[in-house]
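Add 17 to a position in the sequence shown, counting from 1, and you land on the number used in our numbering.
Below is one structure; the comments refer to it alone.
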Amino acid sequence: MIHPVRIAPSILAADFAHLGDQVRAAEAAGADMIHVDVMDGRFVPPITIGPLVVESLRAVTSLPLDVHLMIIEPERQIDAFAAAGAHTITVHVETCPHLDRTVHQIKQGGARAGVTLNPATSVETLRAVLPEVDQVLVMSVNPGWGGQPFIPASLEKLKAIRGMLDTIGSQAALEVDGGIQEKTAGPAVAAGADLLVAGSAIFNDRESVAAAMTRLRTSIERAGPA
Ligand code: DX5
Ligand code: ZN
């Protein structure tokens, strides 16, 4: 099956003093979603942003907000992010002892439900909830920071999950996050990803957001159909 490839720039790499402008630039450059990295200083060392920023972003873009929760006890915060306007809320299986309940909580809040797993976490941890989820995110770096190199073993994981989704007839998006740039985007798509998160490849000092988006899209097209 051919899946159109969407790109979700991650604002983690953006200039937070000009966040609205950066998000508008990404939208103008053809971004499909805006990826919002939420870190709590516990599950991962850095602290980033909360629902207030999601609410502010909601007002400056019509793009869906793809909220990636890298926080412990996400069930305590899901309703606030949903109310703030998150389109998709993704939780880490490592933080959810009651993953099935948490997935339903996200949906009851009115958001699409996403699940993700760290590079060292087995795909089996999410098999049971796959029929319920709208999005699966494969972390291709250890979460916490932008600008890290893509972990090659992520490609096998993408293939495995694409196979699991196809087997059950799921239309869930298969997202990949970490180290996505010109060289890794094509292989990730070939392995089954249809939603690419890109932070430092889109927001950087070397080029405009528009030029960066064009470069990434061109690399995917050159790599050919999945
Ligand atoms: C990492 C975050 C990513 C990050 C990706 O923990 O989840 O979304 O922004 O950054 P790049 O694309 O620079 O690897
Ligand atoms: Zn992320």
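Heads up, the beta-carbon is just placed ideally off N, CA and C, and yes, glycines get one too.
Buried or exposed by the 16-neighbour rule on C-beta atoms within 10 Å, applied to residue i
| i | result |
| --- | --- |
| Thr133 | buried |
| Ser139 | exposed |
| Ala103 | buried |
| Phe167 | buried |
| Asp38 | exposed |
| Phe60 | buried |
| Gly58 | exposed |
Through-space distance from residue j to residue i, alpha-carbon basis
| i | j | result |
| --- | --- | --- |
| Gly186 | Lys174 | 18 angstroms |
| Gln125 | Gly67 | 20 angstroms |
| Met18 | Thr235 | With a pLDDT of only 48 at Met18, under 50, the local geometry of the prediction cannot be trusted, and no value is derived from it. |
| Met156 | Gly180 | 17 angstroms |
| Arg41 | His115 | 37 angstroms |
| Ala227 | Ala46 | 5 angstroms |
| Ala76 | Glu238 | 32 angstroms |
| Phe98 | Pro81 | 13 angstroms |
| Ile106 | Val70 | 15 angstroms |
| Ala170 | His121 | 30 angstroms |
| Ala31 | Asn221 | 8 angstroms |
| Ala189 | Pro204 | 20 angstroms |
| Ile88 | Leu147 | 21 angstroms |
| Pro63 | Arg118 | 27 angstroms |
| Val153 | Val108 | 10 angstroms |
| Ile123 | Thr231 | 33 angstroms |
| Leu182 | Ala145 | 12 angstroms |
Expected contact under 8 angstroms - CB spacing of residue i and residue j to nearest Å
| i | j | result |
| --- | --- | --- |
| Pro26 | His52 | 6 angstroms |
| Leu29 | Thr78 | Not a contact, Cβ separation roughly 16 angstroms. |
| Glu192 | Val214 | 6 angstroms |
| Ile197 | Ala218 | 6 angstroms |
| Asp49 | Arg23 | 4 angstroms |
| Those runs of the alpha helix (DSSP H) which lie wholly inside the region 163 to 192 and span at least 4 residues | 171 to 184
| field | Any heavy atom of the ligand ZN nearer than 6 angstroms to the CB - residues listed | value | Result (chain order): Ser27, His52, Asp54, His85, Asp194, Val214.
| field | alpha helix (DSSP H) segments (min. 4 residues) lying fully within the region 204 to 235 | value | Listed in chain order, nothing qualifies, since the region 204 to 235 has no complete alpha helix (DSSP H) run of 4 or more residues.
| request: Any chance you could list the beta strand (DSSP E) runs of at least 3 consecutive residues sitting entirely within the region 20 to 95, in chain order? | output: Given a length threshold of 3 residues, each whole run of the beta strand (DSSP E) inside the region 20 to 95 is given here in chain order: 23 to 26, 51 to 56, 82 to 87.
| request: Pick out the complete beta strand (DSSP E) segments inside the region 127 to 168, 3 residues or longer, and give them in chain order. | output: 129 to 134, 152 to 156
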